[in-house]
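A short worksheet on the structure shown next.
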Amino acid sequence: MAGTVPAPQPPPGPPPRPLFWPWRPNPLRRRTDTARAWLGLGVLLAVLAVAPLAGALVGDAAHRHYQDVARHQQQTRHLADATLLHDAPRHPEPGSDEEKKTRYPVEVRVVTREGRTRTTRAEVAPGLTADSIVSIWIDSDGEETDAPLTGEEVRSRAAGWALLTAIGVALAGAAVHAVTGFVLHRRNLARWAAAWAETAPRWTTPT
């Protein structure tokens, strides 16, 4: 319809930055922009090179460490038959899924590898009666302990340390890039302030 005022349109957004824009010729490009771009590229390449190597070295060291721990545990721990000295408490909801997961501490009697009879406390299923026999892992002192590390657990823990190391290298690289970018930004602000202090009087009308 003639004379109709068109609806206002939002201003167009900034054009997308082209690839490798910090290195493209630009009259507004500052030396700090180029320095920050090169720094980011350098940090990225350093992280890509160092993270896998550091992860592999730490993972290998962790694997050897946990292998030694597993061998020591296998030498000092063993599976023994433990006899309950009194009844274990009954679960409030017999037959429930929670009952299958719940364990209660009960005094038991075990025999060590040296043939000594010891009394210790063990986590057992609810409802077991006195004189029931359960299998538990005990250490050289006859105290209940965890089972020795398996090969899968050794590999899992070593892989975990390798992954944490690689992530740590990446975070360190990101921190270096962020701190350097902050320093360059502060330098830009200082230069802008100095340039404005020099230019401002030319825009001021004397009274």
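Using the UniProt record's numbering, read the sequence shown as starting at 1 and increasing by one per residue.
A virtual CB, placed ideally from N, CA and C, is assigned to each residue, including glycine.
For clarity, every value in this text was computed on a predicted model and none was experimentally measured.
In the three-state DSSP reduction, THR199 falls in the helix class (H, G or I).
For ARG90, there is no enclosing beta strand (DSSP E), as DSSP gives it neither H nor E. In the three-state reduction of the DSSP assignment, LEU79 falls in the strand class. Taken in chain order, the complete beta strand (DSSP E) segments of 3 or more residues contained in the stretch 160-184 number zero; there are none. Residue environment: VAL106 is assigned as buried (16 or more neighbouring CB atoms within 10 Å of its CB, all protein chains considered). Bounds of the beta strand (DSSP E) holding PRO105 are 104-111.
Our two residues, THR83 and GLU114, have alpha carbons roughly 18 Å apart in a direct line. About 6 Å separates the Cβ atoms of LEU149 and GLN73, confirming a contact at the 8 Å cut-off. A Cβ-Cβ distance of about 6 Å is found for the pair GLY127 and ALA88, placing them in contact under the 8 Å criterion.
When DSSP states are grouped into helix, strand and coil, THR34 belongs to the helix group. Looking at the backbone, the Cα of GLU144 and that of TYR104 are separated by about 13 Å. A Cβ-Cβ distance of about 5 Å is found for the pair ALA80 and VAL110, placing them in contact under the 8 Å criterion.
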